[in-house]
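Asker: So the numbering used here is basically just the index in the sequence shown, starting at one, shifted up by 120.
This is the structure I want to talk about, given as structure tokens.
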Amino acid sequence: MFDARASASYDRRATRLLNGLYRRVASEVAAAAPPGAAVLDIGTGPGRLPLHLARLRPDLALTGADLSPDMVAIAERAAGSARIAFRVADVADLPWPDASTDLIVSTLSAHEWPEPERAAAELIRVLRPGGRLMIYDFRFARLGRLARELPVERAALHRLSLFTCLRTPEPVGCL
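Given below as structure tokens:
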């Protein structure tokens, strides 16, 4: 878990090194989300992805979730007056009701989930019927246990290097 010092350090690195990634993912999520969709960013860290999404799609109801209270505090400060909710939450025990989210996205956190089966069950539980799950992680991440638990027709697992897609029936912005 990230404490205050590690969270601030990660925020500086993410802003400098990952901004292009967040812009690209935000563009893909913005294209995939239906009008007025409830979008949940799991492992939001300093909240950079929801900030990019808010600029592209002001109609979206955006929420960022992270296990670290310090990361959530940084995300809330960065959001300022933007209408984005941030919450401390564990992907294996999400505090949202069943079928409450239209699209769930996660960037660079799935490889850290200690219980991928529980995470998959929770993600599917809060996803509305017909909803979409978009997970982006490192190409070397071991996501097999997570992938086996997710219904292929609702989940897109993106491997980050050349953005080749793993197990997705309809690639969303993959090269």
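Ideal placement from N, C-alpha and C gives every residue a C-beta, glycine not left out.
Note that the structure is a prediction, hence the values are computed from the model and not measured.
State the start and end residues of the unbroken beta strand (DSSP E) segment that holds residue 226.
Answerer: For residue 226, the enclosing beta strand (DSSP E) starts and ends at 221–227.
Asker: Answer with buried or exposed for residue 252, where buried requires no fewer than 16 other C-beta atoms within 10 angstroms of its C-beta.
Answerer: It is buried - the Cβ of residue 252 has at least 16 other Cβ atoms within 10 Å.
Asker: By how many angstroms is the C-alpha of residue 194 removed from the C-alpha of residue 262?
Answerer: 29 Å
Asker: Going by C-alpha to C-alpha distance, which of 152, 122, 140, 134 sits closest to residue 250?
Answerer: 152
Asker: Based on DSSP bridge pairs, tell me the residues matched to residue 183.
Answerer: 160, 205
Asker: Just verifying my parser: in three-state terms, what is the DSSP assignment at residue 190?
Answerer: helix
Asker: With DSSP run on the structure shown, which of helix, strand or coil describes residue 249?
Answerer: Residue 249 carries a strand assignment under DSSP once its states are collapsed to helix, strand and coil.
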